[in-house]
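J.: Dropping a structure here in C-alpha cells format, bear with me for questions.
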Amino acid sequence: MATGSNSLIWFRKGLRIHDNPALEQAAKGSDFLYPVFVIDPHYMEPDATAFSPGSKRAGLNRIRFLLECLVDLDLSLKRLGSRLLVLKGEPSQVLIRCLKEWSINKLCFEYDTDPYYQALSNQVKSYASAAGIEIFSPVSHTLFNPADIIQKNGGRPPLSYQSFIKLAGEPSWASSPVSNGLSWLPPVGNCSATEVLSMEELGYHDSEEDERTPFKGGESEALRRLRESLSNKEWVANFEKPKGDPSAFLSPATTVLSPYLKFGCLSSRYFYQCIQGIQGSVKKHTSPPVSLLGQLLWRDFFYTVAFGTPNFDQMKDNRICKQIPWKNDDELLAAWRDGRTGFPWIDAIMIQLHKWGWMHHLARHCVACFLTRGDLFVHWEKGRDVFERLLIDSDWAINNGNWLWLSCSSFFYQYNRIYSPISFGKKYDPNGNYIRHFLPVLKDMPKEYIYEPWTAPLSIQINAKCIIGKDYPKPVVSHDSASKECKQLLYEAYELNKKLNGMFSTTKNPSYSWESLIHISFSREMAEEAKGGVIVPESVLKKQKRNEEWTLAKKQELEASKKKKAENRKLIFKKTEQYTKEYVEQEKELIRMKREARLKGGFYVDPEAKLIFIIRIRGINAMHPQTKKILQLLRLRQIFNGVFLKVNKATMNMLHRVEPYVTYGYPNLKSVRELIYKRGYGKVNKQRIALTDNSVIEQTLGKYGIICMEDLIHEIMTVGPHFKEANNFLWPFQLKAPLGGLKKKRNHYVEGGDAGNREDYINELVRRMN
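Counting from 10, one number per residue, gives the positions in the sequence shown under my numbering.
Laid out in C-alpha cells, this is it:
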C-alpha cells in the first residue's frame, strides 16, 4: 500500500491484541490506524420477548463484561501507542461515515457468521468496494472456515459431530504458527471519539445487585485464566465433559473460558495449540468429543451448521428442526425464567444465571430440558431468548444449537432421556450447598428435603423458616405426570413428522411450520378422499378423537383436583397445627407428672404402650412352619421388613412365638414420622405407591377422615379408631441394614443380643436403619 495510507480496524468480536490477523494486517504499511468499536443501540433497546418491563436485549452482566473487555483492549492499545475509539450508533452507518471522514484506504475486520453481523458487513463492504477501499476480513474466530466444510459436504452442513470431524480433518489455519505479537501500532489520526462508556451512560443500573458475577472481562483476564487452567496438565489431559460437577460454584469444574472465546478475548487457535502441546507431553489423554480439545471442535460444529442452515434460530422454515406443537404458556415461562418453579435445583440454576450470567453446561442442560421436553413443554425459542439476554457467553450459533439439541428438535432425538429436576442435582450435591447459596430462603431446610421441600412436614418447614406456598413456591407441575405427558406429546409430534416427511421428499427447499403441516396433512387427505382413496386409517382418526376426549376429561379432572386441593389446604394446615399443639401438650403433661412424682418422693410410671414397631432380623433357616405362618400374618416376609402393631393380648402372644426372629419396641413420634415420610408407601389397588402426594392417602383413607400425611401419622401414633385401616394401607417398611451391623441375632436383647423387646431403644435402631 502506498505511503500515507489510513487503515481502520473494526472491532466486533476479536477483542484482543494477541493472534489477531485483522489487526496485524491493518497495521502493515499504514501511517495512521483507527481502532474502532461501535456500541450498537440494538442491544440496549427493550426486548419484546422478555416478558418484563424495561428488559433490554442484552442483560446487565453481559454489557458489563463487554465494557470490561473494551477497557482492557484500550489499555493494551495504549501500551502499543494507540487507543480505542468508541462510537455509538447503527454500526453500518457509523462505519460508512468514518470511512468518508477519515479517508480510509484499508478496512479490516474479523469475519463473522452471525446473520445480524453478516447483514452489517455486507452494507459496509458494499460501500467500501464502491469507494475503492481495500477490504481484509479473515476467518479467525473459529478453527475452521464453515464455508469450506459445507463445500466439502456438497453444499450442506454436516448434521452430526462425527461427520463434521471426518470432513474437517486437521484445521490448517489453527495448526499454523501463532504470530509473535505486535510490538507497536501506527498512531491514531486526528479524530474525536469518546472513551469507553459507563453502564449508566448506556442506561443500565446495578446499584441493587446483592451478588456480582465473579468473571471479569478482557484479554488480560482471559490469558490469566488460560494459564491457570493449563497449569494442571493432568486435569487437562483427563478432562471429560460429562463428568463435570454442575453444583461446584466456588471453584467451577470447567475452565470458564467460553465468555472470552465468545468476545474473542482469547484466540481459539492459541487455545487449540496450547491444548495440543499439553496432550503431546503426556502419555495418555481423553479424545473428542469429550476432551477439552473436543469442546473447541463442538464450537466449530455448531458454527458450521448454523452458517449453512437458513432460519437456524427458529422452528418455522428450519429444515433440520422437528415441527413440534410447543405450549404458549407465559406463566410457566415466567416462573422458569425468574426461578419460581418450586423445584430448588432448577430455581437455583436460574438465579445463578441472573446473578452471574453463567452456569455450568450440565446445569444449562437441566433447565433447558425442564422448560421444553422434560416438564413444561414450552417453546425452546422462548428459553433461547432468556439465555441470549442473560448469559455473558451467549453465542448465536452455540446458543441456538444447544436449544435445538436439548429440546430434541434436532441433532438429538432420544426424548425419553430427561434430566430429573430432583435426583440429578442430588447426585452431585446431596447436602444442597449450591441451593442454599443461590436460594437463601431454603438455607435452613434439612438436606433430606432440600430438593423436595414440599414433602417436608409443616413442623420442619416452620423450623426452617420456609413455609412452602408462602416463602417459597409450590412446584408448578408434578414432575412424574408432566414428564409422561411431554414424552407422549413428543411421540405424537415425531409420528406426524415422519408421516409428513414423504410429502416434502421431492421439494428441495421446503418451508413449513407446525400449523402448515397440519393444514397440508388434512388438505392431502381431502384430495385423496375426493379421488376415492383414504390416506388416514379410520382407527387413527378414532384414536385422535379418543385422545381429544381424554385430554378434555383430564383437563376437567385437573381443574376439579386443583379446586379440591385449595379447599383442603386450609383444613390440612389447621389439622397440622392442632396435632402439633396436642403433641407439645402431651409432652408438657408428662414432664409435669414426672416432676410432681419426684417432689412427692416417688416416681412416675409411664402408661402402657399402645403401639409397637417390629423389625424382622432373621431368615427362614430352621424355622418352624407355624412361626413362618405368623410372620406372614404380620406381613414380615423379608429380612429388615418393619410394621406397626397395636398392643393387645393376641399380638403379644404372636410376638412371643416369633421373638427369636424379630426385634421390637415402642416407637416415639419422631420415629413414626421419619419412617412414614422417608420410607412410606401406600397400598392402592394392591399396588405399592410412593406417598408423594396427599391425594394418594385421601383416595384410600378419606372416608375415615384421613386426608394427609399428618392425619396418617396421628392415627398411627395415637392408635386411633381407624388404626387398622391406616396400618393396612401402609406397605411394610423396607429398611436398610443397620449401620454398624447387628451383634447377635440369636440372643435376646437383655442378654446383649438383638432379638426380642428392646422397649424405647427401638428408636435408636430405627435411626440406624432408616
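Heads up, the beta-carbon is just placed ideally off N, CA and C, and yes, glycines get one too.
For ALA832, does the three-state DSSP call read helix, strand or coil?
T.: Because residue 832 is not part of the residues shown, which for the chain are 10 to 779, the question remains open.
J.: In terms of alpha-carbon separation, which member of LYS97, THR701, LYS564, ALA699 lies closest to HIS51?
T.: For this step, residue 51 is matched to residue 42 along the sequence shown. Answer by Cα proximity: LYS97.
J.: Apart from the five residues on each side of it in sequence, which residues of its chain come closer than 8 Å, Cβ to Cβ, to PHE60?
T.: Walking along the sequence shown from the start, residue 60 turns up at place 51. In this predicted model, PHE60 has a pLDDT of only 49, less than 50, meaning its place in the structure is not dependable enough to derive any value.
J.: Please go through the stretch 289–377 and give each complete alpha helix (DSSP H) segment of 4 or more residues, from N-terminal end onward.
T.: Runs found: 301–317, 339–346, 353–365.
J.: What's the C-alpha gap between ARG398 and ILE358?
T.: By one-based count along the sequence shown, residue 398 stands at place 389. By one-based count along the sequence shown, residue 358 stands at place 349. Rounded to the nearest angstrom, the two C-alpha atoms are 16 Å apart.
J.: When the Cα atoms are used, what is the spatial distance from GLY383 to SER432?
T.: Numbered from its first residue, the sequence shown carries residue 383 at position 374. Numbered from its first residue, the sequence shown carries residue 432 at position 423. So the alpha carbons of these two residues sit roughly 14 Å apart.
J.: Rounded to whole angstroms, what is the Cα-Cα separation between ASN518 and ASN320?
T.: In the sequence shown, residue 518 corresponds to position 509, counting from 1. In the sequence shown, residue 320 corresponds to position 311, counting from 1. With a pLDDT of 45 at ASN518, under the threshold of 50, the predicted position of this residue should be treated as unreliable, and no value is reported.
J.: Beta-carbon within less than 6 Å of PHE310's beta-carbon, same chain only, minus the 5 sequence neighbours each way: which residues are those?
T.: On the sequence shown, position 301 is the one that residue 310 refers to. If we look at PHE310 and ignore the five residues flanking it on each side, its Cβ neighbours are TYR170, PHE173.
J.: Is the stretch 387–401 touching the stretch 360–374 in the sense that three or more CB pairs, one from each, lie closer than 8 Å?
T.: Judged by Cβ distances under 8 Å, the stretch 360–374 makes contact with the stretch 387–401, as three or more pairs qualify.
J.: According to DSSP, is GLU209 helix, strand or coil?
T.: Sequence index remark: in the sequence shown, residue 209 carries index 200 (1-based). In the structure shown, GLU209 sits in a helix (DSSP, three-state: H, G or I).
J.: Output the distance between the C-alpha atoms of LEU24 and LEU108, rounded to the nearest integer angstrom.
T.: Taking the first residue of the sequence shown as 1, we reach residue 24 at position 15. Taking the first residue of the sequence shown as 1, we reach residue 108 at position 99. Cα-Cα distance, rounded: 21 Å.
J.: What does the Cβ neighbour count give for GLU594, buried or exposed, with the cut at 16 atoms within 10 Å?
T.: Against the sequence shown, residue 594 aligns to sequence position 585. The residue in question, GLU594, is exposed, as its Cβ has fewer than 16 Cβ neighbours within 10 Å.
J.: Determine contact between the stretch 109–122 and the stretch 146–153, defined as no fewer than three beta-carbon pairs at a distance below 8 Å.
T.: The stretch 109–122 is in contact with the stretch 146–153.
J.: Do you know whose CA, among PRO669, PHE732, MET718, LEU739, lies nearest GLU693's CA?
T.: Against the sequence shown, residue 693 aligns to sequence position 684. Note that residue 693 is Val in the sequence shown here, rather than Glu. The candidate whose alpha carbon is nearest that of VAL693 is LEU739.
J.: In the structure shown, what three-state DSSP assignment does MET535 receive?
T.: In the sequence shown, the residue the question calls residue 535 occupies position 526. Annotation note: pLDDT 44 at MET535 (below 50); position unreliable, coordinate value reported separately. Three-state result, MET535: helix.
J.: For ARG234, which residues in the same chain have their Cβ closer than 8 Å to its Cβ, ignoring the five residues on either side in sequence?
T.: Position 225 of the sequence shown, counting from 1, holds the residue named residue 234. Closer than 8 Å at the Cβ level, and outside the excluded window around ARG234, lie THR264, VAL265, LEU266, TYR269.
J.: Using DSSP's beta-bridge definition, name the partner residues of GLU143.
T.: Along the sequence shown, read from residue 1 onward, the residue named residue 143 stands at position 134. DSSP output for GLU143 lists LYS115 as bridge partner(s).
J.: So, VAL681 versus ILE722, is the Cβ gap smaller than 8 Å?
T.: Locating residue 681 in the sequence shown gives position 672, counting from the first residue. Locating residue 722 in the sequence shown gives position 713, counting from the first residue. Yes.
J.: Between the alpha carbons of THR385 and MET718, how many angstroms are there, rounded?
T.: Here residue 385 is taken as the residue at index 376 of the sequence shown, counted from 1. Here residue 718 is taken as the residue at index 709 of the sequence shown, counted from 1. Reading off the sequence, residue 385 comes out as Leu, not Thr. Those two C-alpha atoms are separated by around 28 Å.
J.: What did DSSP end up calling GLN423 once you bin it into helix, strand or coil?
T.: For the purposes of this step, residue 423 is taken as the residue at position 414 of the sequence shown. The answer is coil: DSSP assigns GLN423 none of H, G, I, E or B.
J.: Which same chain residues, not among the five before or five after VAL187, have their C-beta less than 8 Å away from its C-beta?
T.: Indexing the sequence shown from 1 puts residue 187 at position 178. Excluding sequence neighbours, VAL187 sits near HIS27, ASP28, SER276, ARG278, TYR279, GLN282.
J.: Should ASN15 be labelled buried (16 or more other beta-carbon atoms within 10 Å of its own) or exposed?
T.: Mapped onto the sequence shown, residue 15 falls at position 6. So ASN15 ends up on the buried side.
J.: Going by DSSP, which residues form a beta bridge with HIS757?
T.: By one-based count along the sequence shown, residue 757 stands at place 748. According to DSSP, which records beta bridges pairwise, HIS757 is partnered with ALA764.
J.: Looking at ILE333 and LEU499, is the spacing between their C-beta atoms short of 8 Å?
T.: For the purposes of this step, residue 499 is taken as the residue at position 490 of the sequence shown. For the purposes of this step, residue 333 is taken as the residue at position 324 of the sequence shown. In contact: LEU499 and ILE333 (Cβ atoms closer than 8 Å).
J.: Roughly how many angstroms separate the alpha carbons of ALA659 and SER429, rounded to a whole number?
T.: For this step, residue 659 is matched to residue 650 along the sequence shown. For this step, residue 429 is matched to residue 420 along the sequence shown. If I take the Cα positions, the gap works out to 47 Å.
J.: Beta-carbon within less than 7 Å of LYS603's beta-carbon, same chain only, minus the 5 sequence neighbours each way: which residues are those?
T.: Start at 1 with the first residue of the sequence shown, and residue 603 comes out as number 594. Correct list, in chain order: TYR613.
J.: Based on DSSP bridge pairs, tell me the residues matched to THR672.
T.: In the sequence shown, counting from the first residue as 1, residue 672 sits at position 663. According to DSSP, THR672 bridges with ILE624, GLY765.
J.: May I have the straight-line CA-CA distance separating VAL133 from VAL47, to the nearest angstrom?
T.: Position 124 of the sequence shown, counted from the first residue, corresponds to residue 133. Position 38 of the sequence shown, counted from the first residue, corresponds to residue 47. Straight-line Cα distance between these residues: approximately 13 Å.
J.: Taking the continuous alpha helix (DSSP H) assigned at TYR170, which residues delimit it?
T.: The count along the sequence shown starts at 1 and reaches residue 170 at position 161. 170–177 is the extent of the alpha helix (DSSP H) around TYR170.
J.: One question on the structure: do TYR675 and ILE621 come within less than 8 Å of each other, judged by their Cβ atoms?
T.: On the sequence shown, position 666 is the one that residue 675 refers to. On the sequence shown, position 612 is the one that residue 621 refers to. Yes, they are a contact pair.
J.: Cα separation between GLN696 and GLY651?
T.: Within the sequence shown, residue 696 is the residue found at index 687, counting from 1. Within the sequence shown, residue 651 is the residue found at index 642, counting from 1. Near 18 Å, if we compare the C-alpha coordinates of GLY651 and GLN696.
J.: By the DSSP assignment, the alpha helix (DSSP H) with TYR437 in it spans what residues?
T.: Locating residue 437 in the sequence shown gives position 428, where the first residue counts as 1. Start and end: 432–437.
J.: From the DSSP output, in three-state form, read off ARG646 for me.
T.: As a first step, residue 646 is located in the sequence shown; it is residue number 637 there, counting from the start. Coil, per DSSP.
J.: Over the uninterrupted alpha helix (DSSP H) stretch that includes SER16, give me the two end residues.
T.: What you label residue 16 is simply residue 7 of the sequence shown in a count that begins at 1. No alpha helix (DSSP H) holds SER16; the beta strand (DSSP E) holding it covers 15–20.
J.: I'd like the span of the alpha helix (DSSP H) that includes PRO268, first residue to last.
T.: In the sequence shown, counting from the first residue as 1, residue 268 sits at position 259. First-last of the alpha helix (DSSP H) with PRO268: 267–271.
J.: Is the stretch 241–260 touching the stretch 300–307, taking contact as three or more C-beta pairs under 8 Å?
T.: Touching, yes.
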